[in-house]
Each structure stands twice: as C-alpha cells, then as structure tokens.
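Take 81 as the starting number for the sequence shown in our numbering and just add one per residue.
Beta carbons: idealized from backbone N, C-alpha and C, even for Gly.
Everything below concerns the one structure shown next.
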Amino acid sequence: MGVALLMDPCVWPRLLLALLIAWASHSSALTSISVQLKWQHQFQFAGFYAAQQQGFYRNAGLDVTLLSAGPGLNPIDQVLSGQADYGLANSELLLYHLNGSPVTALAVIFQHSPLVLLSLKQSEINRPQDLIGKRVMFASGSYGANTQGLLLRQGVGMDQVTHVPLSFNPQDLLEGRVDAMVGYITSLPYWLQQQGASFNVIDPRSHGIDFYGDTLFTLRDRVAERPEEVRLFREATLRGWRYALEHPDEVIDLLVTQYGYKNSRAALQFEAEATRKLIMPKLVELGHMNPGRWHDIGKTFSDLGLGPQTVNLEGFLYDPAREELGRNLRMVAWLVSGLLFAVILVSVLIGFNRRLTRRLREHTRNLRESHDVLKEKELALSQLNQELEQKIAIRTDALERTNEELKLEIAERHQRELSLRLLSKAVENSHSGILIADGDLSVVYVNPAFLRLTGLELQAVSRSTLKNIRDRFPLPWSESSELQSQSGVPVHEDVVCNLPDGRRRFLQVSVVPIRNSGEGAGNVLQQSANGVTHFLFNCEDVTLLKESRDEMEKLAFYDQLTGLESRLLFKLRLENALGRSSRDGRMTALMFIDLDLFKQINDHYGHDVGDEVLKQVASRIRVAVRSNDTVARISGDEFTVIVSDITDHGVARRVAEDIRSALSTPVVIAGVEHRVSVSIGIAITPSDATNAETLIKHADVAMYQAKSNGRNDIQFFSQSMNEWVKEKKQLEQDMRVALSEHQFQLVYQPVIDLNTNRLEGLEALMRWQHPTRGHISPEYFIPLAEESGLILPIGKWLAQELVSAMGQITLLRMSAPLISINVSAKQIRNESLMRDMRKILKGGDLGRGAVLLELTEEALRSSSRGERFNVQQVNDLGIRFVLDEFGEGGVPLRVLKNLPIDFIKISRNFVDECLYDQTSAQAIVAIIALAKSLGIRAVAVGVETMEQARFLREKGCDLAQGHLFAPASPLDELLKHFATGNVVTIRSIG
C-alpha cells in the first residue's frame, strides 16, 4: 500500500507543498536572544537601540532583549554563566580568554577606551608623574588594567599612589576626597562643566596605552553551533550603529521617550559626539579588530601580572570573512545533496511507473534549471573568492602601515636618545650644582658647578659618601633611611657651605628620589624597599639673595639708629593689638610722642649729637613703659607706644607720665646737658576709633594739640579736636569743582643719567592752585582724594594730560623720554579706570613702554595681603612699574620678583643723610646691589648737592632726580633747561 501511494503521481506535489509550508512556518518564527549591556541605558549603546527600532534585528529573524547593568555586575560573568547570550565588555575580555574562558570577540565598537583620568585644574595634575603621592580612584583587578598599565608605562609604581576603590561617584573628586579618578570621557567632563569645575584630563592613549573600548562578544560554542545566528546578529548590530551615528538625534529622542533617560538632552548630545570620536567611523570600519593591538593589550596584562606571559589569540577573534566562506560551502553542499536526491527520486519514479514519462521530462527540465542555478552559485563563489582576495590585499596594506608606524617609533626612539645626550650636556654645563648618590648615599656623579659651589675637589668626592664630605656639604641626613622616610617625595633643605677661603655660601638643596622602573630578573640596580635606587641633589646658590633679604628685613622692621621697631613693624603690631582688643573686649591705647624743639639740638650741635640724643630718648622710653608695650620710631623725632590690654584711661595716663618723668632728667653727651621734653597725644580704642588708620590720625591730632598747648604736655583725643573733619568735607567739595574747572595742573621733575647728564625721564607731579586758598599741598589733598574716590577720575585726567605732554615734546622734536605718574593701589585695581586709560593712551599713539606707574612700597605690601592688582590690563597698556620710596615700606622680595617692576626709587631720607650717616649710606648700597641682582634700575630721589650726586654715581646708581638738576616746573619751562640732545646744563659731577 505504501509503494502504491508513492507511485501515485498526485502524492508528490502534495508532499512537497507540505514541506514548503513547514519550512516557511519554521522560518517565520523569531529566535530570542539576550544581550547584557555594561551599564544603564545611555547613548553608549545607541547602535542596539537603533537596530531594534529600525527592525534590523527583526529582519534578521531575531528577537533581542537588551539587559541593563549596574555597579558590581560583570557582563562577561553573565554570559559565561548563561544569564545572557551576548554581551559588551572592555579589553579585559582578552584576559578571560587568556585565563581559559571560552569567549570570542565578535566586533569592536569603540576603537579606543573611553576610560581616562580626570583631576581638578587647581591640583596641577597634568601628567602621570604628577599622580605620585596623590589619592587616585580606579577599579581593582582586570577592570583597572587600563589605569595600571598607564602608571606602569610611565614609571609610576602602585606604591607611589594612594589607591582608592572606584565608587562611581564624581562628588568624591569635586569635594576633594580624591585627587584624581577614572571616568568615562563621554560623560564625566560634561558633568564637571555643569558643576562649574575646571579640570585636567590624562588620556592613556597619549602615553602609549591604547585599549579597545566596548567589544561585542559571545561564547566560542555559540559561534561553532549557531554560526548563522551569530553572523546575522553581528551584521544587524553594526548596521544599527551606522544608523545611530548618522541619526544621533533620533536615538536621543528614543532614550528620552522609551528608556526613561533622566539627564538633560545636552548631556546626551555631548555623549554622542564623544562616542563618535571613540568609534572613528570615518577612519576605521565599524567592528574592525586588529590582532596586533589585541596582542599588545595582552602583553600589557602580562606586564601587570594579570595574565600569562604568552599571548595566544587562537579562537578569540571572530573572522566574518571566514564564516561567510564556510556558509557558502555549506550551501553548495546542500544544493549538491538536493540534486542527488532529485536524480534518485526521478530514477525511482521511472522504475515504478512508465506513465510518469511526462512528469519525468518535467523533472529533467527542473534538473537542468537546477544545474543552471548551480552554475550561478559557482559564479557567485568565484566572486566571493575575488572579494576575499581584495580583503587580503586590504589586510596587507594595513600590515604595511603598521610597518611604517614601527619605523616612526624607531625614529622617535633615536630622537629620545639624542634628547638624553643633550640633557647630559646641559647638566654638565649647568650653573646649578648636581650630585647623584646611590641608595647608600655614596657619590656616583657630580658636575663642575657642584665642585665650584662647595669648594670640593673631584678626587675628594669620587668614591666617597655624603657623610665623609659633611664638613663642606653639611646635609642633615647621614643615612639613606632618613631620606627614604620622607615617603619618597622630593625634600628641600637650606645648607651653609664653609669654603676653603673662610667664606660661607648658602645653597638651596632639593633632593629627588629616583626609582627603578625596570622589571624582571635582569634588573641589577640595588634598590630599597620602596624602589629608590638613587638620590638627585640639585643645589642653587642663594647667597646674594639671602644676604640682600636679611639686610632688607633688618632695614624694614627695625630702626637702624635706635634699635626700636620701624614704622612697618609698628603697624603690624597695632593691627594685632586691635584684633586682640576686639576679641577680648579690652582697650588699646596709642601714643604719638614728638620731641619738642629737637631741631635746635641738630642745628646747634650737629647730627651726631642729635643721633645720640635719639638713642638715649629711645632707651628711656623703652624702660619707662610696661614689658608688654610696643615702642617704635616712625620718623626722625617721632615715637609711638602701643599700650594694650588695659581696662581704663588711667593706665595710659600713668604710662605717659612715666615717659615724661623718665625724660625730665637732662641727656648728657660729651659733658653737655641737653634738656628734652615731649608732647604726647593719646587715642584709645574703641571709644576713639576701631581701626588702625583712624586711631593713628586721632593720636596724631591729640599730639599736635599737646604741642599747641605749649609742649611738654599730654593730651587725650576728644571730638572737639575733630574740627578737621568739617574741613575735609569742604575740601572734598572744592576738589570736585577743581576737577571740573581744570584747577589742577601737572609739573614735571626730570630724571637724569648721572654718567651722561642726559634726560632719561620725567616724573609728573600734581599741583592745585585753589582760587581762594591758594596753593594746597598734594600731601593734604591726595589722601582725601583717595578716601573719597575722586582719585579715580583724577587718574583719567592724568592720562589725558600725559597724551598732551607727549604731543608737546614731539612737536619740539626731542627724543621722547619716559614719563612716570604716581598712582595708588586703588587706581590700578579699578578695571573701569584701566579701560579708560587704555583708550586714552592708545588714542594718543604713545609708544609702548613710554608711561610708567609709580607705586609706594605700602601699596605693594597691601597687595601681598590679598588685594589684587590688575597686572594683565597694565601689561596690555604697555605700562611698567616704578617702586617709589624703596627701603621704608618693607615690601616682600617675592613681590619684586612677580611684578613687572623696571625701576626702584631710593627713599629721599636715605639720600639726605648719605654723606654723614653710615646707616643711610649702607642702606643705599644694599638697595643698589639688590636692584642689580633683580635686573632693576635704581633712581635716587631728592639729590640737591654735587656731593650727593658723586656719592651715588660712585656706588653704582645711574639715575637721579632733585633740585640739583631742575625743580618741578611746567613742561614748557622745564624743557628750556635742556640743551640739544636732551642734556641738562649743570656743573660737572666728576
């Protein structure tokens, strides 16, 4: 019955139809697979969303489920355990393969790893070496291999940084709990920008570590058992990525509407652009994997001790071309099998029933058609072979490019060797002393500068230890363990070397530990437990700077004649005393003491006797006050006393009476009695004032009241003395009128070159001729202008006058000299005034550097307490600085070095006394030496005699100004004093 059924010609078409229906039904069913992502839904996985949304997976017969992840979930472990069919992983996927896990990389999505190191801008971490001693947050184990490889490649050991486990919380960086942290370049920089934070980025790619980023993978068995599924899934995914990169806005809309993305659209756009740079779709084919790069990544894992020494990629890399060839061969095999089956079937039908002849002819025709199809497939296979050859040619080109890169690397290596040779020459010829010692502090190298600085001979240093040369190079460390206890960071020490000729040389020594970055048994360098093999000692000669600093500090803080505190130190003491009074609720009294008729002693007996009187007066005042009171000399015959921590006015009066009593006994000098009396003014905080400036003014007012009462008197400040306040208000109103009615004018005093008598510059001085009061001194109205704010419009007026003056000089066809104007810190800090001055000076077409700004030491010293000069705007103007009254204000040396100061003016007080006062003469010499060491020119102020001019020129001062050359005069009158060539006509100085 079965045979008869088979012989029935109607059965076979029905059977074939049933088979086709079953095959179509089977083909229409979608294959369900799951993909484990690396993190929560974001643009990093845009290609998968696009492949789903555009139906690429569905067209491939796949029903794909995307699984998001969170902290602690490893996609590789999920796939290995069967929780997911496919997954995304970083380059640590190779480490799993090397350690025996059956994983296969299907395609690389991110050609570069998005992991970078970020730090805040103020941390100044700009390169891997800056991480030494810092707290660095990165993942442990294989996930942190990217960061560990960077540190290894740059010679930074894991023991040199403080490792903080990865918390995925960028607030740790922003709030200072770590100095640097690993983050995604696609998202963390945008977050920091939104927080208003400036930051630095260390990209491992810039330092030789170039790991792959997101890599699509599955199990090796799945590739073998389901090759078609793997191929279709891979192609659909890459197609989705192409679509996502071409239509990023569609994917962003999809993330916001369907995946509940919480951050802003701008954040997604930032991530999309950063992702495109990592994928590099225009430079590298999507999914491309370079075996050479995988091999380098595996070698990095080996160097870190995470994987085996031998990197074997067999079975790890998926080759779509090879899989395509196998698929075609299987198709041909199926076709051949089908053909054989058809031939057998036709033979059976002929044998069973001759009546099927007609059907047989039809089948024969079908066989011929099948044969034609087979030929077409053979042609397709031939074309496939040609495509394969083309791909092989492309791979060959890639290998050639790799060879070119290797040649470039060799050239770079030669360049580095040249740099090392140049560096060696630089060290050999450096002015800085260099000494290198091994781990036992035995000397292995010194350069000539070190021998010159220390006075040592090469024979004495060679094969010696630091302990043996401590008599010449007295470092505080005698054992290497003392240096290694410094946590391996650079240390600094000031050292005094005793030279063979008895001189002392001050050296600033920086000690830098050197670690061995080599690994393996071939390392022959002896090293300590923390890897230190040598110590580098860098020695700088700071003798001149230290001597100048010591001399200037002595001049600044203490009066050279009496040994009392100077004006600068007095002000600091007063600020501190007022601060304590404010905190403790107690009073502080300030006394202004002026010697009555002291000028008569100087005039009758000479300055030497006057100086001796001042010394004895200072000594008596010091004895008369309490032990915790402060006594200072603030000018020639004026003293101050700070009486702090008092509870009533009576204490201040008793101290003042004691001072007056102590001075009631005549001062005897060389057998001659000199009677001295004092006028004392007292102001008390908080009743009279709560700040130092006002307290000083009120004590001064009280002292002048004591003088007005007939001298040798004590006066406490009272409001009745404060009539000057009304005067100040009236004068302020008059100043506003004077500015609008052009009552102010400028006069100029020349600055002369003492060697050539040539005019080098002019100092512009402001004068006020009041319509009813007559001439008003600048010492009176300038402080008021500063206090009232009128100093700012005055500054604008000064700039306009300078433009006019320079135009007048140009018309006379004279060489344009430098012009300086006196400004305050308040003026130069005002951005609006600086903008106005820039417009005025640029409009006047003044040459760059033609205008100088004169600032006092007090103004610069106030800036060191936190007030900021707008130096950038001043530089834009082409304006340079002159430091006025140098030697009285105690400006820190670091301010001189940091500001663009071209000139310093020696205080008039030193110039007045330079011929008969040794202290003033020494001060001038010290200032000139300091100026030359800093590359600054010194100008002497107040030169009135030829003797003073000769003294200054002999001591090395080139520039001077004063009545000896010309008084301050209007510009047209002043220029008449000069002959052709800008030379002043005076008697010869030489």
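Count the other CB atoms, across all protein chains shown, that sit within 10 Å of the CB of residue i; report buried if there are 16 or more and exposed otherwise.
i, result
"Gly923", "exposed"
"Asn465", "exposed"
"Gln124", "buried"
"Gln998", "exposed"
"Thr836", "exposed"
"Ile156", "buried"
"Thr380", "buried"
"Asp768", "buried"
"Ile1004", "buried"
In its own chain, which residues sit with a C-beta less than 8 Å from the C-beta of residue i, not counting the 5 before and 5 after it?
i, result
"Val705", "Val711, Val721, Val723, Val735, Asp738 and Ile739"
"Leu110", "Arg138, Gly141, Leu142 and Asp143"
"Ala772", "Lys651, Leu654, Glu655 and Leu658"
"Val241", "Leu211, Ile212, Gly213, Lys214, Arg215, Val216 and Leu231"
Just list the residues that DSSP pairs residue i with in beta bridges.
i, result
"Cys619", "Gly513 and Val589"
"Ser522", "Thr545"
"Thr727", "Answer by DSSP bridge pairing: none, since Thr727 is not bridged."
"Ala1020", "Ile986 and Ala1040"
"Ile722", "Leu670 and Thr710"
"Glu573", "Val589"
"Arg960", "Leu932"
"Gly263", "Val196"
"His855", "Gln849"
"His614", "Asp518 and Ile594"
"Asn578", "Arg584"
Starting from residue i, trace the alpha helix (DSSP H) both ways and give me its first and last residue.
i, result
"Pro1050", "No alpha helix (DSSP H) contains Pro1050, which DSSP labels as neither H nor E."
"Ala324", "Pro307 to Glu326"
"Tyr137", "Phe136 to Asn139"
"Gln825", "No alpha helix (DSSP H) holds Gln825; the beta strand (DSSP E) holding it covers Phe824 to Asp833."
"His754", "From DSSP, His754 is part of no alpha helix (DSSP H) but of the beta strand (DSSP E) over Val752 to His754."
"Leu246", "Careful: Leu246 lies outside any alpha helix (DSSP H) and carries neither H nor E."
"His375", "Pro371 to Asp383"
"His850", "Careful: His850 lies outside any alpha helix (DSSP H), inside the beta strand (DSSP E) at Leu839 to His850."
"Thr444", "Thr437 to Glu508"
Could you give the C-beta distance for residue i and residue j, rounded to a whole number, given that I count them as a contact under 8 Å?
i, j, result
"Glu934", "Ser884", "The pair is not a contact, with the Cβ atoms about 19 Å apart (cut-off 8 Å)."
"Ser193", "Ser220", "About 17 Å; that fails the 8 Å criterion."
"Lys876", "Asp814", "Actually they are not in contact, since the Cβ atoms of Lys876 and Asp814 sit about 19 Å apart, beyond 8 Å."
"Val903", "Leu1039", "Contact doesn't hold; Cβ gap of about 20 Å is too wide."
"Leu358", "Leu348", "Their Cβ separation, rounded to whole angstroms, is 15 Å, which puts Leu358 and Leu348 out of contact at 8 Å."
"Ile377", "Phe291", "6 Å"
"Gly519", "Val612", "6 Å"
Check for me: the beta strand (DSSP E) holding residue i runs from which residue to which?
i, result
"Gln1041", "Leu1039 to Gln1041"
"Ile862", "Segment Pro858 to Ser868 is the alpha helix (DSSP H) holding Ile862; no beta strand (DSSP E) there."
"Val931", "Val931 to Thr936"
"Met801", "Premise fails: Met801 is in no beta strand (DSSP E) and is neither H nor E."
"Arg215", "Arg215 to Met217"
"Asn280", "Phe279 to Ile282"
"Ala185", "Val183 to Val188"
"Asn792", "It is not in any beta strand (DSSP E) - Asn792 carries neither H nor E in the DSSP assignment."
"Gln116", "Thr111 to Gln116"
"Val747", "Val747 to Ile749"
Enumerate in chain order the residues of its own chain whose CB-to-CB distance from residue i is below 7 Å, with the five nearest sequence positions on each side excluded.
i, result
"Leu675", "Val697, Asp717, Val756 and Val758"
"Leu1051", "Tyr828, Ala885 and Gln888"
"Arg285", "His192"
"Glu965", "Thr936, Glu937, Lys985 and Ser987"
"Met846", "Phe824, Leu826 and Pro858"
"Gly602", "Confidence in Gly602 is poor, its pLDDT being 44 and thus under 50, which makes the residue's placement unreliable; the coordinate value appears in the next sentence. Once the five neighbours on either side are set aside, Gly602 has no close Cβ partner at all."
Does residue i come within less than 9 Å of chain E when only Cβ atoms are used?
i, result
"Glu645", "No chain E is part of this structure, which consists of one protein chain only."
Looking only at its own chain, which residues have a Cβ that is under 6 Å from the Cβ of residue i, when we skip the five neighbours before and after it?
i, result
"Leu870", "Met815"
"Leu195", "Asn226 and Val262"
"Asp165", "Ile113 and Ser114"
"Gln795", "Gly761, Ala782, Gln785 and Ala786"
"Ala126", "Ala324 and Val331"
"Asn682", "Gly690"
Given 8 Å as the limit, tell me if residue i has its C-beta closer than that to any heavy atom belonging to the ligand COA.
i, result
"Leu195", "Absent from the structure shown: the ligand COA. Ligands present: none."
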